[in-house]
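**Q**
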Amino acid sequence: MTSLFGAAPLRTMVQGITGGEGSYWTEQMLAYGTNVVAGCTPGKGGQEVHGVPVYSAVAEATDAHEIDLSVIFVPARFAKGAAIEAIEAGVPNVIVLAEFVPVHDTMEILAAARASGTRIIGPNCPGVVFPGRDFAGIMPGWSERLFAPGRIGVVSRSGSLGALINLNLVSAGYGQSAMLGLGGDPIVGTTFAQALEMFEADPNTDAIVLLGEVGGPMEEEAAELIPGLSKPVVAFIAGKNAPEGKKMGHAGALVSGGKGTAASKMAALTAGGAQVADSPTEIVGLLQNL
């Protein structure tokens, strides 16, 4: 599998490039330095969008270009077909941005990805940012208020919480090696545990900020890895006051049966050796203490 990390911009394809969102974000990615080599929209082959050649099928794009990453700008009902098409064409990393992708569609995407060794990020995610290098998705990687080249790895289920913490980090003089937006659905392609392993292996990351929320077991599973890491982890869990049985924003942010609570996640992360903040504003201070 091609790593997302490294010095060179990823050779990127945009699925849904001829749509309004796909076209707009392609323009922004190109302006920032993202190496968008191809686009794909069924029936639109032969066109160009911002100078990027468009193909009607992903396999046509992969025949013509080396592609490291595909970012998918299509509605939820088309996400499964687009993702599986990219997987079957051999694209090693696929970002599914759409919200409201049915859970059974996500399960089929992840089954196909496991069989082929493809990394999926999302669905219901903002994408990834590598400050000073490139970005893919719907996070404003060009914003100097939010992103600066640095050595703090940030991983978040929530794009808005991630944006807030990145703003605080840059204001305090820190920069990021990468920002990974995993997505807020109950089932996502890349977990916190996998993200920690990626940052642990990245020589440009010195510390990791983990931004979780109520619902699901991902944070507890990640906590089990922390004792074996060589890099410190600072964490925050959103939703301490979330009532049981009520969905809070994200589809995955649902507390049920006493599991998935902020308290249980914070306890697991603390037991694993993470520095756990009680509020977002404490994260910078905890990093400074490290």
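The working numbering puts the first residue of the sequence shown at 3, with every later residue one more than the last. Ideal Cβ positions, reconstructed from N, Cα and C, are used throughout, including at glycine.
Residue ranges of each beta strand (DSSP E) run of no fewer than 3 residues wholly in the region 111-136, ordered along the chain?
**A** Those beta strand (DSSP E) runs which fall completely within the region 111-136 and span 3+ residues are 121-123, 129-132.
**Q** Does the distance from the C-beta atom of Glu-221 to that of Leu-212 stay below 9 Å?
**A** One-based indexing of the sequence shown puts residue 221 at position 219. One-based indexing of the sequence shown puts residue 212 at position 210. Yes, the Cβ-Cβ distance between Glu-221 and Leu-212 is below 9 Å.
**Q** Between Lys-46 and Val-56, how many whole angstroms is the CB-CB distance? I'm expecting something under 8 Å.
**A** Indexing the sequence shown from 1 puts residue 46 at position 44. Indexing the sequence shown from 1 puts residue 56 at position 54. So it is a contact: roughly 5 Å between Cβ atoms.
**Q** Taking the alpha carbon of Phe-7 as the reference point, which residue from Ala-269, Thr-43, Gly-155 has its own alpha carbon closest?
**A** Position 5 of the sequence shown holds residue 7. Nearest C-alpha to Phe-7: Gly-155.
**Q** Output yes or no for whether 9 Å exceeds the beta carbon distance between Leu-148 and Leu-163.
**A** Along the sequence shown, read from residue 1 onward, the residue named residue 148 stands at position 146. Along the sequence shown, read from residue 1 onward, the residue named residue 163 stands at position 161. No. Outside cutoff.
**Q** By how many angstroms is the C-alpha of Pro-205 removed from the C-alpha of Ser-25?
**A** As a first step, residue 25 is located in the sequence shown; it is residue number 23 there, counting from the start. As a first step, residue 205 is located in the sequence shown; it is residue number 203 there, counting from the start. Each residue's alpha carbon lies about 34 Å from the other.
**Q** Could you give the residue range of the beta strand (DSSP E) that holds Gln-290?
**A** Walking along the sequence shown from the start, residue 290 turns up at place 288. That residue, Gln-290, is in no beta strand (DSSP E); its alpha helix (DSSP H) goes 285-291.
**Q** To the nearest angstrom, report how far apart Ile-111 and Leu-99 are at their CA atoms.
**A** The residue labelled residue 111 in the question sits at position 109 within the sequence shown. The residue labelled residue 99 in the question sits at position 97 within the sequence shown. Roughly 13 Å separates the two Cα atoms.
**Q** Beta carbon of His-106: closer than 8 Å to some heavy atom of the ligand GTP?
**A** Among the components modelled here there is no ligand, and therefore nothing to report on the ligand GTP.
**Q** Provide the residue span of the alpha helix (DSSP H) that contains Glu-199, from first to last.
**A** Here residue 199 corresponds to residue number 197 of the sequence shown, with the count starting at 1. Taken as a continuous stretch (DSSP letters only), the alpha helix (DSSP H) holding Glu-199 covers 194-203.
**Q** If you run the structure through DSSP and keep just helix, strand and coil, what is Ile-154?
**A** As a working mapping, residue 154 is identified with position 152 in the sequence shown. In the structure shown, Ile-154 sits in a strand (DSSP, three-state: E or B).
**Q** Should Ile-167 and Ile-285 be called a contact, given that it needs their Cβ atoms to be closer than 9 Å?
**A** Within the sequence shown, the letter at position 165 stands for residue 167. Within the sequence shown, the letter at position 283 stands for residue 285. Closer than 9 Å, so yes.
**Q** May I ask you to list the residues that DSSP assigns as paired with Arg-13?
**A** Position 11 of the sequence shown, counting from 1, holds the residue named residue 13. Answer is Asn-37.
**Q** I'd like the list of long-range same chain contacts for Thr-207, defined as Cβ closer than 8 Å, with 5 residues on each side in sequence excluded.
**A** On the sequence shown, position 205 is the one that residue 207 refers to. So the list reads Arg-153, Ile-154, Gly-155, Ser-179, Ala-180, Phe-201, Lys-233, once near-sequence residues are dropped.
**Q** By alpha-carbon positions, which one of His-52, Gly-177, Leu-12, Leu-198 ends up nearest to Val-93?
**A** Against the sequence shown, residue 93 aligns to sequence position 91. Comparing Cα-Cα distances from Val-93 to each of His-52, Gly-177, Leu-12, Leu-198, the minimum goes to Leu-12.
**Q** Can you give me the C-alpha to C-alpha distance between Val-216 and Arg-159, rounded to a whole angstrom?
**A** The residue labelled residue 216 in the question sits at position 214 within the sequence shown. The residue labelled residue 159 in the question sits at position 157 within the sequence shown. Using only the alpha carbons, I get a separation of about 10 Å.
**Q** Helix, strand or coil for Met-181 per DSSP?
**A** If you number the sequence shown from 1, residue 181 lands on position 179. In this structure, Met-181 counts as strand in the three-state DSSP scheme.
**Q** For a test of the three-state rule: what should DSSP assign to Gln-49, helix, strand or coil?
**A** The residue labelled residue 49 in the question sits at position 47 within the sequence shown. Reduced to three states, the DSSP call for Gln-49 is coil.
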